[in-house]
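Colleague:
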Amino acid sequence: MGKKRQKKAEQQENPSVAEATRIRISQILDQFRAAKDQVYTFEANLSNRERAVVHEVCKKMGMKSKSSGRGNQRRVSVYKNTKKADTAKAKENLTCLKFSEESKLVLQELFANYPPEDGEFGAKVVGNRKGKDSKVRGMKDDIFSMPSMTKEDIKKKVESLNSRIEKAANLRQIVEERSKLPIASFRDVITSSVDSHQVVLVSGETGCGKTTQVPQFLLDHKWGKGEACKIVCTQPRRISATSVAERISYERGGNIGDDIGYKIRLESKGGRNSSVVFCTNGVLLRVLVSRGTTRSKREASNKSAKDDVSNITHIIVDEIHERDRYSDFMLAIIRDILPLHPHLRLIMMSATLDAERFSQYFGGCPIISVPGFTYPVKSFYLEDVLSILKSADNNHIDSAMPSATNKSHELTEDDKAALDEAINLAWTNDEFDPLLDLVYTEGTPEVYNYHDSLTGLTPLMVFAGKGRVGDVCMLLSVGVDCHLQDKNGLTALDWAKQENQQETAELLKGHVESALSDSLEQKQLVDKYLATVNPELIDVVLIEQLLRKICIDSKDGAILVFLPGWDDINKTRERLFANPFFKDSSRFMIISLHSMVPSMEQKKVFKRPPQGCRKIILSTNIAESAITIDDVVYVIDSGRMKEKSYDPYNNVSTLQSSWVSKASSRQREGRAGRCQPGICYHLFSKLRAASLPDFQVPEIRRMPIEELCLQVKLIDPNCKIEDFLRKTLDPPVPETIHNAIIVLQDIGALSVDEQLTELGEKLGCLPVHPLTSKMLFFAILMNCLDPALTLACASDYRDPFTLPVLPNEKKRANAAKFDLASLYGGNSDQLAVIAAFECWKNAKGRGQEAWFCSQYFISSSTMNMLHGMRKQLQSELIRNGFIQEDVSRYSTNAHDPGILHAVLVAGLYPMVGRFLPPRNGKRFHVETATGAKVRLHPHSLIFKLSFKKTDDCPLIVYDEITRGDGGMHIRNCTVVGPLPLLLLATEIVVAPPEDDDEEDDEGDDDDNDGSDAAGEDESDEDEMETDGKLGGNNVEKIMSSPDNSVTTVVDRWLYFGSTALDVAQIYCLRERLSAAVLFKVQHPREVLPPALEASMHAIAHVLSYDGLSSVALPSESVDSLTSMIRATGIDNSAPGRRRGPGQNSNGFLKSLMSHNTQHATPHYHRARLQGFKGKSYGNGTSSQDVGKIPHQRPPMRGPNAVGYNSGTCEQWNPRGDSSKRQRGNASKKQ
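Numbering (UniProt numbering), first residue to last: 1 to 1230.
(1) Are the beta-carbon atoms belonging to I143 and S268 less than 7 Å from one another?
(2) Hey, how far is the Cα of K841 from the Cα of A835?
(3) Around the Cβ of P610, are there at least 16 other Cβ atoms within 10 angstroms (buried) or fewer (exposed)?
(4) Taking all protein chains shown into account, decide if E574 is buried (16 or more other Cβ within 10 angstroms of its Cβ) or exposed.
(5) Please name the residue or residues paired with H682 in a DSSP beta bridge.
(6) Looking at the secondary structure, which residues open and close the alpha helix (DSSP H) in which R1070 lies?
(7) Determine the closest residue to E101 out of S1110, F1148 and D1106, with distance taken between C-alpha atoms.
(8) Can you tell me where the beta strand (DSSP E) holding M348 begins and where it ends?
(9) Rounded C-beta distance between L1069 and S1095? I'm assuming under 8 Å.
(10) Below 6 Å CB to CB, which residues in the same chain sit around F818 once its five sequence neighbours on both sides are set aside?
(11) In the DSSP output, which residue or residues are listed as bridge partners for D647?
(12) By a C-beta neighbour count over all protein chains shown, 10 Å radius and 16 as the cutoff for buried, is H1083 buried or exposed?
(13) For the alpha helix (DSSP H) that A492 lies in, which residues bound it at each end?
(14) Would you check if the distance between the CB atom of S275 and the CB atom of L219 is smaller than 7 Å?
(15) When DSSP labels each residue in this structure, what does S240 get in the three-state scheme?
(16) Would you mind reading off the limits of the beta strand (DSSP E) that contains P738?
(17) Can you grab the Cα-Cα spacing for the pair P371 / K810, in whole Å?
(18) Of all the options R24, P1042 and P677, which has the alpha carbon lying nearest to the alpha carbon of D398?
(19) Terminal residues of the continuous alpha helix (DSSP H) containing G845?
(20) Which residue comes first and which comes last in the beta strand (DSSP E) that contains T772?
(21) Let me make sure I understand the geometry here. Which of K263, E754, L201 and Y909 has the alpha-carbon closest to that of S145?
(22) Please state whether the Cβ-Cβ distance between M596 and L831 is less than 7 Å.
(23) Taking just the CA atoms, how far does L1092 sit from A1075?
(24) By the three-class DSSP mapping on this structure, what secondary structure does A929 have?
(25) Beta-carbon within less than 7 Å of S387's beta-carbon, same chain only, minus the 5 sequence neighbours each way: which residues are those?
(26) Cα separation between K222 and I312?
(27) Leaving out the 5 sequence neighbours to the left and right, which residues in its chain are closer than 8 Å to K390 when beta-carbon positions are compared?
(28) Out of Q360, G977, L750 and E246, which one is the CA nearest neighbour of C709?
(29) Determine which residues share a DSSP beta bridge with T41 and list them.
(30) Could you tell me if K64 is buried or exposed, where buried requires 16 or more neighbouring beta carbons within 10 angstroms of its beta carbon?
(31) Does the beta-carbon of Y361 have 16 or more other beta-carbons within 10 angstroms, so that it is buried, or is it exposed?
(32) Comparing the CB of R726 with every heavy atom of the ligand SAH, is any distance shorter than 6 Å?
(33) Kindly indicate the opening and closing residues of the alpha helix (DSSP H) around V540.
(34) Report the start-end ranges of each beta strand (DSSP E) in the stretch 241-289 that is 3 residues or longer and not cut off at the edges.
(35) My output table needs one value for G69: the three-state DSSP class, helix, strand or coil.
(36) DSSP three-state call for Y1055: helix, strand or coil?
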């Protein structure tokens, strides 16, 4: 084993594999993963190191690889994962569930008064299908309605605007500045095109003015004709929607909310009389979906359907090139409704990237290209950087910095026409003056390298063919590309030879050979460098050397360094601080920029440093487009980024470092030329630059799409989801759609034949993920709504914890998070978020918010956002009738650990895993339903916990599995007991009893492809189906006596031991829980029937008593953990408080809890029944104490009263359909 590790280390230190080979391997594996083939075998010509690269890339992509053969015939094969959970080990480590005496009393009373009856709640308690003609309830919001304005009203508004401009000097100055924007000269073109075409695309670079001016052009044009309008403009981000609306209001001298309004998730300004409304893509999408605007032509003829969009005259979709999933989905909807609403106009606005594709998507709509301008930026690649560092004594900046007079801009159609004419005159008539004027006056690379639209000739080819040596020398000196070819494949050198221009030919030949010599020297430098460095990793030494060189060769100018993630930012910062050159804080201001650092730290990047101090910003791609730092002159582009994505083939999220796209690389480069000329250093070779993908993968193809799939069914219940999504510009892969549909079926939003259920309709009406909506319904029934609101908003927005900026703060941050989670019993990352919000809210009320956020590494801005989101989500629940105005009654159990953990299971299911016993002293792994073995992330609070027994296999629920550069891991999770899972899982069945003489002869699993394990799993499932469906004599026999020991299987991979009576009671509770959810969906404002009310009451009691049963305590004592927290110094200086000698270190936190809970550990088995007296369960009315459940019906006679003789396993499915629906590897969302 030692030799293997040594070999692996050597390969990492000396990855001498040609970059072209690395690129080719990655491309082959990308193509294989997208294909239907299950196995791909490389040719037998790969070296040992090249095969090692295959193994490395396969691991990152979630595929398996194995080498076979000997000598020259050794080759590597790649397999797609097919492994399933190891059910044999699950049976060995059987978790037993046994109701406590308190729970038995509760259940005995419940079933004595409300015994189960066959068909009591109907077979289809969750999967009730929507009728064909049922309508989805719409949102009522007049901000999207047409202003009620007469021609006289409009005339007065125009006069008022003109009067304000005449009277205010600042408005006159704004009008003058607007007229100088590049887009100003396109005003008439845009308005006339919109009048004559239903779809128009405005393409222009950032800075041309399209975002703020196009809505005003259209508004003024309509008002000029005396017509009212409703212009809806979408932006991909909240801050963009509000800031642009405020800017336009300012430019027009009005107040936000009058003529110009906005609507974002938490707030809105304006109403029906706002003629222009800005909103996010998600807001408009929800309006379109909830109003059911996509209908057949027959349905569209109906007045109510037509009125949905008849009030909107223009939809402007800005920044479409960002390709977020909402905009792509929204464009597909709008494309469908345009033929049905001829009055509606769609204006798409984009950067120049990929504009033609969007035009073709809308049938070749006209493109209006608006030139932008930036200051010129000189680009260096890895070859150049290595040469610069090699020539340490030469100042590379003086010669490299471009002139400020040569601003780079895109050529307009008029520019191109002028160049075509000038090239033609010079070539055919020897009239050179027009071409020389354009070349010398414009002086941009776009002009130097322009191809004639007919012949493909460039200015250099013309001058070379005509023998104009001086002009050729001038173009070569400014860096013209002499390798360009015309439409016949001829270069400038070819034209000089063909036209017998010997002097010019010799000049060009010498230039090409010199460039080739330099190129060869640079290639050798790159090859030598890449032989010792892995290009997939960040070379902090190279960055340090380059930063030092820039600082030596130049006097001022901020430096922006693009890095993939926080770890790389930390490593680079520590490397710089360790260097005496950068250690002087009076000379260097080193700032980290990441979305999770405190906002005060982020704001430092915009401040200019004092004279003589250089600002160095270490940033993720947040600085690509979201912000502009106006003093940046130099950009160092690592070429890498960390992007959240989704692997539909393995059904896991991914967060890995990867190469950026060409579009992102250009964006980074442009950061150096926003306000003055600059230089960009790309730390990757020109070969790598050429191999980069053109654009980022659209979000709809790299994210789970459960929400979008549910929206499809809300738009048109009769439409197949895959058929609709196929209409998008870049449809998701079928595996992504399949995975999403499985999740929606698991939670009852869709039936097995993909029909929308009533529950699905209600899940879709809330502005959160469908899984989160179902958690909220459950929390309402359990009177545990408040923490569920926090979880719902945090999962939809972001984690409130900030990253510690200083190295010595890391332990304090971890201890602070643990301290917060311990308020709810610990063993949970999610509970830390809930506790953090409650403590923050109460600290704010005491005036201690700033201190609390500082000590516990909490983002105040994130908490304020979560506070607003909670209020809005709460309002949605009230508006839909799910809760009443007095919301406090729905949170009486908010601090009960057992119930709270059940709410977590409701929100995170089906993301369930189990700990595997540690072996050979290693840390435990978590096994998931697919059989994947994943690790806990070191940042998780559960990472350092160990359990008392080696055979303990506790359960966890988690938000997602992420495959990162270091393998697969779970970052946020909670240890839970089996009872919530048995109540809330999709399916439970009773496993058939095994014969005593049966033995497993399968042998060890094949770790490479998992085929043996998969086959074994399938045979187990087949046996279970046969026993359950075709007679099931064994199962019926084992369930015939209440004290018989039975094994219950959850979702076909988790095994639990219990008694027949307990399992029968669990099934009855499952059915009643599902019936209660469906009742509240169908009748949200009505009180639950007595039987369901009493059942919800009993479930809450049982969860309080036994919700955390079978959860083992960590072997490390709580006292030692508390000591660790105390040692960090947290809570040492709480404002206005003195710590007594024996005071608990988290006493301050406990004082912040609105209801001081005494549950120091997860064990909560001895709650008093009286603690629930007077609590209600989802009705908003008080119910009786559990010991006094009213006798509404006579009790049943005989043993069937508790349902333990109920027959086959088929009846045990809360979904109402057969529990035998096949589930593939991707059946679970992970």
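Even glycine gets a Cβ: it sits at the ideal position worked out from N, Cα and C.
Everything numeric in this text was worked out from a predicted model, so none of it was measured.
Modeller: To lay it out plainly:
(1) Yes, these two residues count as a Cβ contact at 7 Å.
(2) When rounded, the distance between both Cα atoms is 10 Å.
(3) Looking at its Cβ environment, which holds fewer than 16 other Cβ atoms inside 10 Å, P610 is exposed.
(4) With a threshold of 16 other beta carbon atoms within 10 Å, E574 falls short and is exposed.
(5) For H682, the beta-bridge partners assigned by DSSP are D637.
(6) That run of the alpha helix (DSSP H) goes A1060 to Q1082.
(7) For E101, the closest of S1110, F1148 and D1106 by C-alpha to C-alpha distance is D1106.
(8) Counted as a single uninterrupted DSSP element, the beta strand (DSSP E) harbouring M348 occupies residues R345 to S350.
(9) About 7 Å separates the beta carbons of L1069 and S1095, which is inside the 8 Å limit, making them a contact pair.
(10) Excluding positions up to five away in sequence, the list reads L941.
(11) Partner(s): V652.
(12) Here H1083 is exposed: its Cβ has fewer than 16 other Cβ atoms, across all protein chains shown, within 10 Å.
(13) Per DSSP, A492 is one residue of the alpha helix (DSSP H) stretching across A492 to Q498.
(14) Taking 7 Å as the cut-off, the beta carbon of S275 is found closer than this to the beta carbon of L219.
(15) In the three-state reduction of the DSSP assignment, S240 falls in the helix class.
(16) One detail in the question is off: residue 738 reads as His in this sequence, not Pro. No beta strand (DSSP E) holds H738; the alpha helix (DSSP H) holding it covers P734 to D746.
(17) Going by the C-alpha atoms only, they are around 48 Å apart.
(18) Cα-wise, what sits closest to D398 is P677.
(19) Start and end: D829 to R846.
(20) First-last for T772: P770 to L781, but that is the alpha helix (DSSP H), not the beta strand (DSSP E).
(21) Closest option to S145, Cα to Cα, is K263.
(22) For M596 and L831, no; Cβs fall outside 7 Å.
(23) Distance from the CA atom of A1075 to the CA atom of L1092, rounded to whole angstroms, is 8 Å.
(24) Coil at A929, not helix or strand.
(25) Same-chain partners within the cutoff: Q522 and L525.
(26) K222 and I312: Cα-Cα distance of roughly 13 Å.
(27) Non-local C-beta neighbours of K390 in its own chain, meaning closer than 8 Å and more than five positions away in sequence, comprise L525, ordered along the chain.
(28) Ranking the options by Cα distance to C709, first place goes to L750.
(29) T41 is bridged to S77.
(30) By the neighbour-count criterion, in which 16 or more other beta carbons inside 10 Å mark a residue as buried, K64 falls on the buried side.
(31) The residue in question, Y361, is buried, as its Cβ has 16 or more Cβ neighbours within 10 Å.
(32) Summarising the ligand content, the structure contains no ligands, and the ligand SAH is consequently not present.
(33) V540 to D553 is the extent of the alpha helix (DSSP H) around V540.
(34) Listed in chain order, they are 260-263 and 276-280.
(35) Coil.
(36) Secondary structure of Y1055 (DSSP, three-state): strand.
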